[in-house]
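A short worksheet on the structure shown next.
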Ligand code: GAR
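Residue numbers (our numbering): 430 to 643.
In C-alpha cells, the structure reads:
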C-alpha cells in the first residue's frame with residue numbers, strides 16, 4: 430500500500446516540490462495526501478494545488494495558545510490518516526503533545542550538519558565559526574528542538590568567497606536530494622525508529638545519519 434504523507438510548510442515549499450516530484454515519478458511509494466500551511470498565500474500552497482493535492486491553511490495567529498493551535502493541527506492532520514508527517518520549512522515550535530502524538534512518524538529537515546547549529550541562522554553561524562563544511566540533516570522529530578535521531582545528511586564545502594546566501598543555495602540543492610531519499614526509504618520500510626537510534630535495513634544507522642554521496 431502506498432504510504433499516506435502529510436506535508437507541513439510555512440513558505441516557498443521547494444522541499445515539498447522535490448517530494449511531490451519523487452512521488453509522481455514513482456520513486457517514492459507514497460502519496461502526498463495533504464499540504465498544511467500556517468500561512469495563507471505562500472508559494473508552497475500553489476505548488477500543492479498545481480499537483481492537485483488538497484491544501485489546508487491554519488493560521489496560528491487565530492489561536493490564543495500554542496496548545497490550542499497544535500490540537501487543531503492534529504485534528505486536521507489526522508483526518509487525512511497519514512503514515513508519515515513531513516515538516517518542510519514549517520517554522521513553528523511544536524508542543525510536546527504534538528510531537529509525542531507523531532513519535533516515530535514525523536520528519537524534519539534542518540539546514541545544518543546536526544548536532545551542529547540547532548535553531549536559526551545556521552549558514553551565518555557556520556561561516557562565523559570558520560567551518561570548512563556545512564549541510565543539512567533529515568531527522569525524526571522528538572521533543573528536543575532539532576534533536577531527534579538523524580537519518581541522512583548532505584554535505585557541501587564552504588569556499589572562501591561563500592556568503593550566507595550562497596551557502597543557503599548550495600544547501601538547498603542537497604536538501605532537495607536528501608529529503609526525497611529519506612521519504613523513499615521510510616515508505617519502502619527500510620527504516621525502523623527508536624528513540625535510542627535508527628535501524629536502516631536492520632543495521633544501526635550512524636548517529637549523525639547516513640552520509641549522502643552526490
Ligand atoms: C529549508 O531550507 C529548511 O531546511 C528550512 O526552511 C527551508 C524551507 O525551504 N527549515 C528550517 O530552518 C527548520 N528549522 P522550502 O520552503 O523552500 O522547502
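From the three backbone atoms N, C-alpha and C, an ideal C-beta is built for every residue, glycine too.
Check	Outcome
Would you please state the rounded distance, in angstroms, between the beta carbons of residue 578 and residue 548? I believe it to be under 8 Å.	The Cβ separation is near 18 Å, so there is no contact.
Can you list, in chain order, the residues of its chain whose CB lies under 6 Å from that of residue 605, leaving out five sequence neighbours each side?	447
If you measure from the CB of residue 600, is any heavy atom of the ligand GAR nearer than 8 Å?	yes
What runs of the beta strand (DSSP E), each 3 residues or longer, lie entirely inside the stretch 521-545?	535-539
Looking only at DSSP bridge pairs, what is residue 640 linked to?	582
Run through the stretch 484-525 for me and flag every whole alpha helix (DSSP H) of 4 or more residues, listed as ranges in chain order.	495-507
Helix, strand or coil, according to DSSP, for residue 456 in the structure here?	coil
Can you tell me which of 558, 580 and 595 puts its alpha carbon nearest to the alpha carbon of residue 566?	580
Just mark residue 478 as buried or exposed, buried being the case when its beta carbon has 16 or more other beta carbons within 10 Å.	exposed
Taking the alpha-carbon of residue 584 as reference, which of 541, 559 and 508 has the nearest alpha-carbon?	541
Alpha carbons only, please: which of 537, 574, 597 and 570 is nearest the one belonging to residue 550?	597
Just checking, does the stretch 435-443 make contact with the stretch 519-531 on the three C-beta pairs under 8 Å criterion?	yes
With a cut-off of 8 Å on the beta carbons, I'd call residue 499 and residue 472 a contact; round off their distance for me.	Going by Cβ atoms, the distance from residue 499 to residue 472 rounds to 24 Å, so no, they are not a contact pair.
Can you give me the C-alpha to C-alpha distance between residue 433 and residue 457, rounded to a whole angstrom?	11 Å
Using a Cβ distance threshold of 8 Å, determine whether the stretch 607-614 contacts the stretch 449-456, with at least three qualifying pairs required.	yes
Verify the contact flag: residue 565, CB atom, against every heavy atom of the ligand GAR, threshold strictly below 8 Å.	yes
Name the two residues that bound the continuous beta strand (DSSP E) containing residue 604.	Counting along the chain, residue 604 falls outside any beta strand (DSSP E), though it belongs to the alpha helix (DSSP H) covering 593-616.
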